[in-house]
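Comments concern the structure below.
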Amino acid sequence: MAKEPSRLAAMSTEMWLAAGGGLATLSFLLVAVLQPSIFDPDPEWQASDGCIGGLEHTTEAGVKEHYHPNLKITIDGEYVPIPPNTGIDQAGCREGMRWIHVHDSSETGFTKLHIETPSKMNVPLGAFFEVWERHGGNSPALTEDRKFDIDSNGISDWEDYEITMKVNGQQNSKFEKYVMEDSDDIELTFTSK
Ligand SMILES: [Ca+2]
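What follows is the structure, given as C-alpha cells:
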C-alpha cells in the first residue's frame, strides 16, 4: 500500500509528459497551419548593399551564387520598363555591380534580374527596389519602412494602389519580403484605387 501513491504519482507524471508532448505537437501544427509565414526564410536586406568589384562575372570576385529571377511590373495596365544596367556602376559601387543587377531588359515582358552573392542568401524582391532607387531620377524605391514606392514620392504605394503579385502564376502575398529563387517569374500589378 505504501508504494501505491508513488506509482500513481509516476503514472501521473508520464501522463502529463504524454499530454504535454501531444499539446506541443498540436501547437506546432496549429502554428504551421495558421501562420505558415514564420517558417519562411528571413529576408536578408543587406543584399542590396553588396557590390562586386569590376564588371566581369568572375569567381575571383567571390561570387558563389548566381541565379536569375524574372520581374515584370505594370501600373494600370501600363508596362513599367526596368532600365538596362540597373545596379551596374552606380553610386556606392562605381566600376562594379550590385549583387542584384540587370544587364539586358525586356521592352514588354519579364526582365531578368541577376543575383550574384558570395554565399547563399535570402534576397528579397524589395532589395532590388533599393538597388533600383540608386539608379537615380524617378526610379522606383522603397519607403523607409520597406514598402513599395513605385512613383518614388516617399509615400507607400499601399495607400494609392491595389497591389497584386504572382510568382510563377500563383498569387503570392509576401510582396517586398518575397525571397526570390532561380527562374521565378514575378509579376507585380499596381492598380490605382
Ligand atoms: Ca508612392
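First residue of the sequence shown: 5, per the working numbering; consecutive thereafter.
Note that CB positions come from ideal geometry on N, CA and C, so glycine has one too.
A quick note: this is a predicted structure, and the numbers were derived from the prediction, not measured.
Where V135 is concerned, the enclosing alpha helix (DSSP H) starts and stops at L129 to E137.
Pairwise C-beta distances place the stretch 108-126 out of contact with the stretch 141-157, as fewer than three of them are shorter than 8 Å.
In chain order, the residues that have a beta carbon nearer than 5 Å to some heavy atom of ligand 1 are D153, D155, N157, I159 and D161. In the three-state reduction of the DSSP assignment, G26 falls in the helix class. Note that the stretch 51-58 does not touch the stretch 71-82; fewer than 3 beta-carbon pairs, one per stretch, sit closer than 8 Å.
Excluding residues up to 5 positions away in sequence, E137, N142, S143, P144 and A145 lie with their Cβ nearer than 8 Å to the Cβ of S156 in the same chain.
DSSP, read as helix, strand or coil, puts S16 in helix. By the C-beta density criterion, E134 is buried, having at least 16 other C-beta atoms within 10 angstroms. DSSP places A51 within a helical segment (H, G or I) once states are collapsed to three. 8 Å or more divides the Cβ of I167 from the Cβ of A131.
For G100, the enclosing beta strand (DSSP E) covers residues C97 to R102. Annotation: T112 is outside any beta strand (DSSP E) and is labelled neither H nor E by DSSP. Under the three-pair Cβ rule at 8 Å, the stretch 104-114 does not count as touching the stretch 159-177.
The alpha-carbon separation between K68 and E120 amounts to approximately 7 Å.
Distance from the CA atom of V183 to the CA atom of M19, rounded to whole angstroms, is 43 Å.
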